[in-house]
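**Student:** Numbered according to my numbering, the sequence shown spans residues 936 to 1480. Backbone N, C-alpha and C define an ideal beta-carbon position, used for all residues, glycine too. Would you mind keeping the following structure in view while I ask a few things?
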Amino acid sequence: MSVRNGPAPCAPRALLAIAVSLCGWLTAGAAAAQASPRDAQAEAALNEALGTDYLETRFDQAERKLRAAIDACGESGCSPAVKARLFVALGSVLAQGRKELGDARDAFADALRIDPSARLDPGLATPEVSFAFEQARAATGAGASAAAGARLQMSPPPEQRVRTPVPLYIEVPADLLSSVKQVTVWYLPPGEDEYRPLVMKKLRGQGFGINVPCSALEKEGTLRYHVAAVDEDGAILASAGARDAPLATEIKARPAATPPHWPGYAPPATCAAPEKERPRQCLDDRQCNGGLACVGGSCVARSASSSTAAAEAAADVRRNWVSLTFSPDVALLSGRDVCTVASQASDNFVCLRGDGTRYDGTPTPGVANDVNLGFALATLRVAIAYDRLLLDNLTVGGRVGFAAGGTSGGGASFLPLHLEARAQYFLAARPFEQLGARPFVLAAAGVAQVDAEVDVEVLEDADACGAGAGITSPCTRSGRSGRLEPRQQTLAATRQAGQGFASVGVGVAYAPLDAVSLNLAVRAGLTFPAVTAVLSPEVGLSLGF
């Protein structure tokens, strides 16, 4: 390609978006070249290296041609402006095409020493090129922006969960905001050795934000990054961190810190594992295909390495939960003639006088002595629970505790023990891999006695107690126990139900932290063989490990 007196021709094969900008830059360079005998040759090499090789990603050839042109210029064979442009082009090829930022910085520094007014072409000012050029400007002190040392306001998130986007947020100083064209973050995923760029999005006010994607956060380790804001020419106006002193966020399977988020936004949700990584769920080996075994609720190959991998995957969530729960019972009961001797013997009612002794009088038939259908507060329960996460959303466990508020006076007996087996099915997918609400349904069965007490009015039978015709006439004849009953009295009637039970229910567990859960639930069930319907709200605190 030769240089003519008119505009320099552009490469007809250029397909990249920066072709127009490159063409204009090369044309202006050719027109501005001085009459040095080697300037024309240098411009021709520059045109071919950038206009053809660079655009067609033949970076090695572009580098060789530029270095050959620089050598041909020697110490004084080319004008300073042309030679500086050769070094700027070389630095751009090294930074963008070869990713050799240290060598690119040195090339830019040589250009600035030759011509302090040397500038990047906007079409070549990618984040990598701008970063290396700004390092060269800082090293040489040539044309450095007064604001280049400004700091972006950024609070790096201390921790984030594996396979969860890391929300990065910065604020640009108000006096620089109008000059900022682009804010870029370069991040280095855990276990990798090459930085990747992300252009941050403009948010409210002075803020810019971007999420480091899940694909870069598949394993535990340290996420490193640094941020720079550049102007129209690609010059760095302000920064946070640097490649040799990056900011960092720890990526963990079980972070203890509160999930990070942009100001005024919710934390990002954990990404689902790729479908090919989701093993089939199982309870035992019979549910797996041939050659597979059920390990940690997943079907995996029958090998030590697969078993180890499955065990490590199962350890990503806390599968053991210990809880302390409190639950009041509310019984639905009714009855007729509940305090007769026969009813107390067959219907599981216990009627006590005000002094706590068992009532054994003779109530007047058909008068009072009834319990209307309704709810009554019954026993109160405190229990310690253990639940094991078998599948992604199924726990199985047990509870042991004691009940208070039962009736044991007047010869009655009360079983204060509470024993329960329970299964809970969580409605969300992989609920234990994320914080927040975890709704569930449950089924339970076990041993428990439910005593519900209500007040019952009785009127002693006039013939049995020797009273007169009026209801105010007192009794004159002792009852079965030799006690003279009042003609009218209020008894404490207790329905003793159980001692077995079965129930179903719904609830929600809220996890503010990875190892802590606050639980609310309500169970509805029946006791047997003494049948009573029971409604039991429940509140508890769980710790996972």
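Return the chain-ordered list of same chain residues with a C-beta closer than 8 Å to the C-beta of P1148, the five sequence neighbours on each side being excluded.
**Tutor:** Within the sequence shown, the letter at position 213 stands for residue 1148. Contacts found: P1100.
**Student:** Can you find at least 3 beta carbon pairs, one from the region 1016-1026 and one from the region 1035-1048, that sit closer than 8 Å?
**Tutor:** yes
**Student:** Within a Cβ cutoff of 8 Å, which residues of the same chain sit near L1152, ignoring the five residues on either side of it in sequence?
**Tutor:** Locating residue 1152 in the sequence shown gives position 217, counting from the first residue. Contacts found: Q1095, V1097, R1098, T1099, P1100, V1101, P1124, P1125, L1158, I1186.
**Student:** In terms of alpha-carbon separation, which member of P1015, P1195, V1285 lies closest to P1092?
**Tutor:** As a position in the sequence shown, residue 1092 is number 157, starting the count at 1. Nearest of P1015, P1195, V1285 to P1092, Cα basis: P1195.
**Student:** Considering only residues of the same chain and omitting the five flanking positions on each side of L1138, which have a CB-CB separation below 6 Å?
**Tutor:** Residue numbering aside, residue 1138 sits at position 203 when the sequence shown is read from its first letter. Around L1138: G1144.
**Student:** Quick one: residues in its chain with C-beta nearer than 7 Å to the C-beta of E1035, no 5 flanking neighbours on either side, listed in chain order?
**Tutor:** Working through the sequence shown from its first residue, we reach residue 1035 at position 100. Shown here for E1035: same chain residues with a beta carbon closer than 7 Å to its own, the five before and five after excluded, namely L1029 in chain order.
**Student:** Buried or exposed for R1288, please, with buried defined as at least 16 other CB atoms from any protein chain shown within 10 angstroms of its CB.
**Tutor:** Against the sequence shown, residue 1288 aligns to sequence position 353. Counting Cβ neighbours within 10 Å, R1288 comes out buried, since at least 16 surround it.
**Student:** Alpha carbon to alpha carbon, how far is G1140 from W1197? Give it in angstroms, no decimals.
**Tutor:** One-based indexing of the sequence shown puts residue 1197 at position 262. One-based indexing of the sequence shown puts residue 1140 at position 205. Spanning the two alpha carbons is a distance of roughly 13 Å.
**Student:** Out of E1368, G1037, I1049, state which residue places its alpha-carbon closest to the alpha-carbon of F1022.
**Tutor:** Your numbering for residue 1022 matches position 87 in the sequence shown. F1022 has its Cα closest to that of I1049, out of E1368, G1037, I1049.
**Student:** With 16 as the cutoff for other CB atoms within 10 Å, does A966 come out buried or exposed?
**Tutor:** Your numbering for residue 966 matches position 31 in the sequence shown. Low confidence applies to A966: its pLDDT is 43, below 50, so where it sits in the model is not reliable, and the reading given next is rough at best. Under this definition A966 is an exposed residue.
**Student:** According to the neighbour-count rule (16 or more other Cβ atoms, all chains shown, within 10 Å of its Cβ), is E1473 buried or exposed?
**Tutor:** Along the sequence shown, read from residue 1 onward, the residue named residue 1473 stands at position 538. Burial call: buried.
**Student:** Tell me which residue opens and which closes the beta strand (DSSP E) that K1116 is part of.
**Tutor:** As a first step, residue 1116 is located in the sequence shown; it is residue number 181 there, counting from the start. Here K1116 belongs to no beta strand (DSSP E), and DSSP marks it neither H nor E.
**Student:** Compute the beta-carbon to beta-carbon distance between T1429 and E1388, rounded to the nearest angstrom, for a pair I have assumed lies under 8 Å.
**Tutor:** Residue numbering aside, residue 1429 sits at position 494 when the sequence shown is read from its first letter. Residue numbering aside, residue 1388 sits at position 453 when the sequence shown is read from its first letter. Yes, they are in contact, since the Cβ atoms of T1429 and E1388 sit about 5 Å apart, within 8 Å.
**Student:** Going by the DSSP bridge assignment, what does T1411 pair with across the sheet?
**Tutor:** Mapped onto the sequence shown, residue 1411 falls at position 476. According to DSSP, residue pairing for T1411 in a beta bridge does not occur.
**Student:** With distances taken Cα to Cα, identify the nearest neighbour of A1175 among L1103, R1020, E1167, G1012.
**Tutor:** Position 240 of the sequence shown holds residue 1175. When only C-alpha atoms are compared, the closest one is L1103.
**Student:** Tell me which residue opens and which closes the alpha helix (DSSP H) that Q976 is part of.
**Tutor:** For this step, residue 976 is matched to residue 41 along the sequence shown. Here the alpha helix (DSSP H) through Q976 covers 974-983.
**Student:** Are the beta-carbon atoms of C1337 and G1381 separated by less than 8 Å?
**Tutor:** For the purposes of this step, residue 1337 is identified with residue 402 of the sequence shown, where counting begins at 1. For the purposes of this step, residue 1381 is identified with residue 446 of the sequence shown, where counting begins at 1. It should be pointed out that residue 1337 corresponds to Phe in this sequence rather than to Cys. Going by C-beta atoms, F1337 is not nearer than 8 Å to G1381.
**Student:** Rounded to a whole number of angstroms, what is the C-alpha to C-alpha distance between R1422 and D1390?
**Tutor:** In the sequence shown, counting from the first residue as 1, residue 1422 sits at position 487. In the sequence shown, counting from the first residue as 1, residue 1390 sits at position 455. Cα-Cα distance, rounded: 16 Å.
**Student:** V1165 and S1065: beta carbons closer than 8 Å?
**Tutor:** Taking the first residue of the sequence shown as position 1, residue 1165 is located at position 230. Taking the first residue of the sequence shown as position 1, residue 1065 is located at position 130. Their beta carbons are under 8 Å apart, which means V1165 touches S1065 by this criterion.
**Student:** Going by DSSP, what residue range makes up the beta strand (DSSP E) through T1429?
**Tutor:** Taking the first residue of the sequence shown as position 1, residue 1429 is located at position 494. Looking at the DSSP string, the run of the beta strand (DSSP E) that includes T1429 is 1423-1448.
**Student:** Give the straight-line distance between the Cα atoms of Q1031 and P1062, rounded to the nearest whole angstrom.
**Tutor:** For the purposes of this step, residue 1031 is taken as the residue at position 96 of the sequence shown. For the purposes of this step, residue 1062 is taken as the residue at position 127 of the sequence shown. The alpha-carbon atoms of Q1031 and P1062 are separated by roughly 9 Å.
**Student:** Once the 5 residues before and after C1410 are set aside, which same chain residues still bring their CB inside 8 Å of it?
**Tutor:** Within the sequence shown, numbered from 1, the residue matching residue 1410 stands at position 475. Residues of the same chain with a CB within less than 8 Å of the CB of C1410, apart from the 5 flanking positions on each side, are E1395, C1400, G1401, A1402, L1419, E1420, P1421, R1422 in chain order.
**Student:** With 16 other CB atoms within 10 Å as the buried threshold, where does Q1088 fall?
**Tutor:** Walking along the sequence shown from the start, residue 1088 turns up at place 153. That one is exposed.
**Student:** Around the C-beta of V1466, are 16 or more other C-beta atoms found within 10 angstroms, so that it is buried, or is it exposed?
**Tutor:** For the purposes of this step, residue 1466 is taken as residue 531 along the sequence shown, with counting starting at 1. Exposed.
**Student:** Taking the alpha-carbon of A1379 as reference, which of T1462, L1182, L1001 has the nearest alpha-carbon?
**Tutor:** The sequence position of residue 1379 within the sequence shown is 444, counting from 1. If we check each option's Cα against that of A1379, T1462 comes out closest.
**Student:** Relative to the alpha-carbon of A1313, which residue among L1370, A1071, L1476, F1349 has its alpha-carbon at the smallest distance?
**Tutor:** For the purposes of this step, residue 1313 is taken as residue 378 along the sequence shown, with counting starting at 1. The candidate whose alpha carbon is nearest that of A1313 is F1349.
**Student:** Please return the same chain residues whose Cβ sits closer than 6 Å to the Cβ of A984, not counting the five positions on each side in sequence.
**Tutor:** The residue you call residue 984 lines up with position 49 of the sequence shown. Taken in chain order, the residues that qualify are A997, K1000, L1001.
**Student:** According to DSSP, simplified to helix, strand and coil, what is G1460?
**Tutor:** Residue 1460 sits at position 525 when you count from the first residue of the sequence shown. Residue state, collapsed to three classes: strand.
**Student:** Hey, how far is the Cα of D1110 from the Cα of R1086?
**Tutor:** Here residue 1110 corresponds to residue number 175 of the sequence shown, with the count starting at 1. Here residue 1086 corresponds to residue number 151 of the sequence shown, with the count starting at 1. One C-alpha to the other measures close to 12 Å.
**Student:** Rank V1439, T1299, L1476, V1451 by C-alpha distance to the C-alpha of V1468 and give the top, closest one.
**Tutor:** Within the sequence shown, the letter at position 533 stands for residue 1468. In the sequence as presented, Val is not what sits at residue 1468; that position holds Ala. Taking only the C-alpha atoms, the option nearest A1468 is V1439.
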